[in-house]
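J.: In order, the protein sequence lines correspond to chains E and R.
Those letters in the first sequence? Residues 91 to 208, by the working numbering.
Those letters in the second sequence? Residues 10 to 124, by the working numbering.
For every residue, glycine included, the Cβ atom is placed at its ideal position computed from N, Cα and C.
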Amino acid sequence: AQSVTQPDIHITVSEGASLELRCNYSYGATPYLFWYVQSPGQGLQLLLKYFSGDTLVQGIKGFEAEFKRSQSSFNLRKPSVHWSDAAEYFCAVGAEEYSGGGADGLTFGKGTHLIIQP
Amino acid sequence: DSGVTQTPKHLITATGQRVTLRCSPRSGDLSVYWYQQSLDQGLQFLIHYYNGEERAKGNILERFSAQQFPDLHSELNLSSLELGDSALYFCASSVLAGGLYNEQFFGPGTRLTVL
């Protein structure tokens, strides 16, 4: 079974500073990887996704992530954060369609809570 | 706005009761997934329906059940509710049944409070 680890429960960054949120996954085959953001009281919004091909993927709101198979990582980065980026960030991995006999849902990490200091 | 709608937005009920949560997928999407988000368990996959048929089960309790109707909307039924069932329940939809390029779009969630 697949699993996702987000080692940082909370991260505090100054506005305008760079950001990197860590994500490590465990999965036997090629993973499908996602980053979602959840603002307070809101649903989950997809920031970016990796299915195959170029290991550096660009997303919305200026975010990017790099897939590193050798390190089983898919870290999220942003060069300069804005106060509006304060939210909960979730990394997720998707299973192949017929793994285990069915089309399983996404497996999520526990999330990283991002705090922006003025 | 993802295009996925969920009703109601909030639900408060008592232990032992039964509730139904409703989800309408994005136009054209055939898959509906249900997830539970709680403080102690995080975000967990419950169940997946594709074009009216159950495709996969995750950590769904036997007291919970779901179905997808011919118009593709889905309902999640929670019965014999316990305090621990208090959580945010998300529905997500996608075009595909799964696999490569399957991108899920999430609704705003239903917050269930069991008193």
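Starting from the beta carbon of E/F153, find every residue of chain R whose beta carbon is closer than 7 Å, and list them in chain order.
T.: Stepping through the first sequence from its first residue, residue 153 of chain E is reached at position 63. Here the premise fails: no neighbours, minimum Cβ distance about 16 Å.
J.: Would you give the residue range spanned by the beta strand (DSSP E) that R/T119 belongs to?
T.: Numbered from its first residue, the second sequence carries residue 119 of chain R at position 110. Element bounds for R/T119: 119-123.
J.: Less than 9 Å between CB atoms is the rule here; does R/G51 satisfy it with respect to chain E?
T.: Sequence index remark: in the second sequence, residue 51 of chain R carries index 42 (1-based). True, the Cβ-Cβ gap to chain E drops below 9 Å.
J.: Assuming E/V103 is part of the beta strand (DSSP E), what are its boundary residues?
T.: On the first sequence, position 13 is the one that residue 103 of chain E refers to. Where E/V103 is concerned, the enclosing beta strand (DSSP E) stretches over 100-104.
J.: In the DSSP assignment, what residue or residues form a beta bridge with E/R167?
T.: Mapped onto the first sequence, residue 167 of chain E falls at position 77. E/R167 pairs with E/E110, E/E154.
J.: Are E/E110 and E/Q207 touching if we call contact CB-CB under 9 Å?
T.: Looking up residue 110 of chain E in the first sequence gives position 20. Looking up residue 207 of chain E in the first sequence gives position 117. Not closer than 9 Å, so no.
J.: In the DSSP output, what is E/Y126 paired with across the bridge?
T.: Here residue 126 of chain E corresponds to residue number 36 of the first sequence, with the count starting at 1. Per DSSP, E/L136, E/F180.
J.: If we cut at 9 Å on Cβ distances, does E/Y115 have a partner in chain B?
T.: Of the protein chains in this structure, namely E and R, none is chain B.
J.: How many angstroms separate the CA atom of E/T197 from the CA atom of R/I56?
T.: The residue you call residue 197 of chain E lines up with position 107 of the first sequence. The residue you call residue 56 of chain R lines up with position 47 of the second sequence. Rounded to whole angstroms, E/T197 to R/I56 spans 12 Å at the Cα level.
J.: Tell me the residue span of the beta strand (DSSP E) that contains R/E62.
T.: Along the second sequence, one-based indexing puts residue 62 of chain R at 53. Per DSSP, R/E62 belongs to the beta strand (DSSP E) from 62-66.
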